[in-house]
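Student: To get my numbering, take the position in the sequence shown, counting from 1, and add 916.
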Amino acid sequence: KNNKELSEAYQHCLNGNQLMNVSRFGQGFEEYQIGLTVMLRAARTETDPVKSKILRDVISFYLDKAEMCKSKHEAQQLDIDME
C-alpha cells in the first residue's frame with residue numbers, strides 16, 4: 917500500500933516540475949504540496965534506515981523545488997497586480 921502511495925506522491929512532484937517548466941507556478945506548488953504531504957507521512961513511519969534516508973533526500977529536494985515554485989508564483993501574482 918505504502919509503495920503505491922509513494923509512487924503516486926512522486927508523480928505529483930513530477931507534475932509539479934512540468935507545471936513549473938511552463939510557468940504555471942500556482943498549480944505546480946499545489947502538486948508539490950500533495951506529493952510532499954504523503955512523503956512526509958511515509959517518512960515518519962518508515963523503519964528501514966536506508967529507505968528513510970532516500971525518502972528524506974527526495975523530500976528535501978522537492979521541498980526546495982516547492983519553495984522556489986511558491987516564490988515564483990508570488991512574483992507572478994505581483995506582476996499581474998501591477999499590470
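In this text, a Cβ means the ideal position worked out from N, Cα and C, and glycines have one as well.
Can you tell me which of the three DSSP states residue 990 falls into?
Tutor: Residue 990 falls in the helix class under three-state DSSP.
Student: Have a look at residue 988 and residue 996 and give me their C-alpha separation to the nearest angstrom.
Tutor: If I take the Cα positions, the gap works out to 12 Å.
Student: Is residue 921 closer than 8 Å to residue 958 when the C-beta atoms are compared?
Tutor: Going by C-beta atoms, residue 958 is nearer than 8 Å to residue 921.
Student: Between which two residues does the alpha helix (DSSP H) containing residue 923 stretch?
Tutor: Counting along the chain, the alpha helix (DSSP H) containing residue 923 begins and ends at 918 to 937.
Student: Can you tell me whether residue 962 is helix, strand or coil according to DSSP?
Tutor: In this structure, residue 962 counts as coil in the three-state DSSP scheme.
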